[in-house]
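To start, the structure itself, in structure tokens.
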Amino acid sequence: MATTPELIYGYIKAGLECTHLEVDGDGQHFQAVIVSPAFAGKRPIQRHQLVYAALGDRMREEIHALSMKTLTPEEYQG
Numbered sequence: 178m179a180t181t182p183e184l185i186y187g188y189i190k191a192g193l194e195c196t197h198l199e200v201d202g203d204g205q206h207f208q209a210v211i212v213s214p215a216f217a218g219k220r221p222i223q224r225h226q227l228v229y230a231a232l233g234d235r236m237r238e239e240i241h242a243l244s245m246k247t248l249t250p251e252e253y254q255g
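The sequence shown finishes on residue 255 if you use the working numbering, and the numbering steps up by one all the way, no holes.
Next up, the structure:
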């Protein structure tokens with residue numbers, strides 16, 4: 178089954194508390210805006226690691242490329 182933005186959205190939403198989530202892409206390359214209180218006090222690499230943990234093995238097996246903008250709710254509002 179082809180990976181879709183909707184599938185990635187569901188994977189992230191199931192594994193990470195998000196107050197806002199957008200996922201777009203063409204089936205190979207995906208972009209996501211992820212807003213989560215879990216990102217508070219974390220560096221960008223740590224935020225990405227939280228998303229990778231939510232995606233699990235799918236990041237290696239199903240998702241070719243994912244660029245992410247990871248923000249706390251306060252950063253997203255500001």
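Cβ atoms here follow ideal geometry from the backbone N, Cα and C, with glycine treated the same way.
Span of the beta strand (DSSP E) around residue i
{"i": "leucine 153", "result": "With the chain running from 178 to 255 in the structure shown, residue 153 is simply not present."}
Among the options, nearest to residue i - alpha-carbon criterion
{"i": "glycine 204", "options": "Leu243, Gln254, Tyr253", "result": "Leu243"}
{"i": "valine 210", "options": "Glu252, Ala191, Thr247, Leu227", "result": "Thr247"}
{"i": "methionine 245", "options": "Glu239, Tyr186, Asp234", "result": "Tyr186"}
{"i": "lysine 190", "options": "Glu251, His241, Ala215", "result": "Ala215"}
With 16 other Cβ atoms within 10 Å as the buried cut-off, status of residue i
{"i": "arginine 224", "result": "buried"}
{"i": "threonine 196", "result": "exposed"}
{"i": "isoleucine 222", "result": "exposed"}
{"i": "alanine 231", "result": "buried"}
Neighbourhood of residue i by C-beta distance below 6 Å, restricted to the same chain and skipping five residues each side
{"i": "glycine 192", "result": "Ala231"}
Quick one: which unbroken beta strand (DSSP E) runs of 3-plus residues sit fully inside the segment 186 to 255? Chain order, please.
-> 197 to 202, 206 to 212, 242 to 248
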